[in-house]
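Q:
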């Protein structure tokens, strides 16, 4: 199962020991790491990236659930980190890009206080014991959240809300005096532009999600080629899960960019 993992440590030495131990679990085939970094909580609530080098498929933070989670861990003050996550994530909201719930963020934030460090990773794991026992032995406090694929549904709701607002304005436009029609039309035009922008965001996210999934699969395939037979079976299961998740996400995102939505943005009637 794909999960977002956060392990909080009291000091930098332990955090780096945790990173090395997590990578060893990956080499042994107990887990698959897609992305991993170490962060530190600053006194002002922002976070600093302590470890940036990575040999994993998700080499950048842009657009990924992993990057969005890092931005969220900075809280309201984490704007400096949020800017690293990419403009798309900043516009549409890191919470549903990350696919984590508020309770998870609250639990992590309560533990990740000023001066403490966290090992943050996007992993696939079949069971929690290898990670938990290893991290707890190093004094780490483990938090994990199964990746929730709610982004497409949220985007579809946003688009539907804009369409509903446009429909209401058009209905009102037919009832008002001529001098008010132009003002309402300006609002419709503004919403029309917003709708178009939302559709473009969905298309961009669809590409980012596919690129991310493809990178994970390629890395796992390469790992399987150099693994023992028993490890290969686990890796093939992970690949299958990623491909299934991608298929579901693509279907949902296509719904959000259906032809009628594009037409709704392009064919709004003008009232003279």
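In the numbering used here, the protein residues as written are 1 to 272. From the three backbone atoms N, C-alpha and C, an ideal C-beta is built for every residue, glycine too. All values reported here derive from a predicted model rather than from experimental measurement.
(1) Put residue 170 into one of helix, strand or coil per three-state DSSP.
(2) Can you list, in chain order, the residues of its chain whose CB lies under 8 Å from that of residue 19, leaving out five sequence neighbours each side?
(3) DSSP three-state label for residue 113, please.
(4) Grab the span of the beta strand (DSSP E) containing residue 37 for me, first residue to last.
(5) With burial defined as no fewer than 16 other Cβ atoms inside 10 Å of the residue's Cβ, what is the status of residue 290: buried or exposed?
(6) Round the Cβ separation of residue 126 and residue 21 to the nearest angstrom and send it over; I've been treating them as touching at under 8 Å.
(7) Three or more beta-carbon pairs under 8 Å between the region 99-118 and the region 204-218, yes or no?
(8) Out of curiosity, what's the CA-to-CA distance linking residue 137 and residue 253?
(9) Is the beta carbon of residue 184 less than 8 Å from the beta carbon of residue 173?
(10) Tell me the residue span of the alpha helix (DSSP H) that contains residue 19.
(11) Using a 10 Å radius around the Cβ and a threshold of 16 neighbouring Cβ atoms, would you call residue 26 buried or exposed?
(12) Among the candidates 29, 1 and 249, whose CA atom is the shortest distance from the CA of residue 210?
(13) Is residue 128 helix, strand or coil by DSSP?
(14) Going by DSSP in three states, residue 69 sits in which element: helix, strand or coil?
(15) Do residue 198 and residue 166 have their CB atoms nearer than 8 Å?
(16) Considering only the alpha carbon of each residue, which of 244, 224 and 71 lies closest to residue 236?
(17) Inspect the beta-carbon positions of residue 34 and residue 123 and report whether they are closer than 8 Å.
(18) Hey, could you find the ends of the beta strand (DSSP E) residue 8 is sitting in?
(19) Can you tell which of 204, 203, 168 and 240 has the C-alpha that lies nearest to the C-alpha of residue 187?
(20) Run the CB neighbour count on residue 180, radius 10 Å, all protein chains shown included, and call it buried at 16 or more, exposed below.
(21) So what does residue 104 bridge to, in DSSP terms?
(22) For residue 230, which option in 9, 7, 15 and 28 has the closest C-alpha, if you only look at C-alpha atoms?
(23) In the DSSP assignment, the beta strand (DSSP E) including residue 141 goes from what residue to what residue?
(24) Per DSSP, what kind of secondary structure is residue 183 in: helix, strand or coil?
(25) Starting from the Cα of residue 1, find the closest Cα among 14, 145 and 205 and give me that residue.
A: To lay it out plainly:
(1) helix
(2) 36, 38, 51 and 119
(3) coil
(4) 31-41
(5) It is not possible to answer for residue 290, since the shown part of the chain is limited to 1 through 272.
(6) By a beta-carbon distance limit of 8 Å, residue 126 does not contact residue 21. Their separation comes to about 18 Å.
(7) no
(8) Cα to Cα, the separation comes out at about 42 Å.
(9) yes
(10) 12-28 is the extent of the alpha helix (DSSP H) around residue 19.
(11) buried
(12) 249
(13) coil
(14) helix
(15) no
(16) Comparing Cα-Cα distances from residue 236 to each of 244, 224 and 71, the minimum goes to 224.
(17) yes
(18) In this chain, the beta strand (DSSP E) harbouring residue 8 covers 2-9.
(19) 168
(20) exposed
(21) None; residue 104 has no bridge partner.
(22) For the residues 9, 7, 15 and 28, the minimum Cα distance to residue 230 belongs to 28.
(23) 141-146
(24) helix
(25) 145
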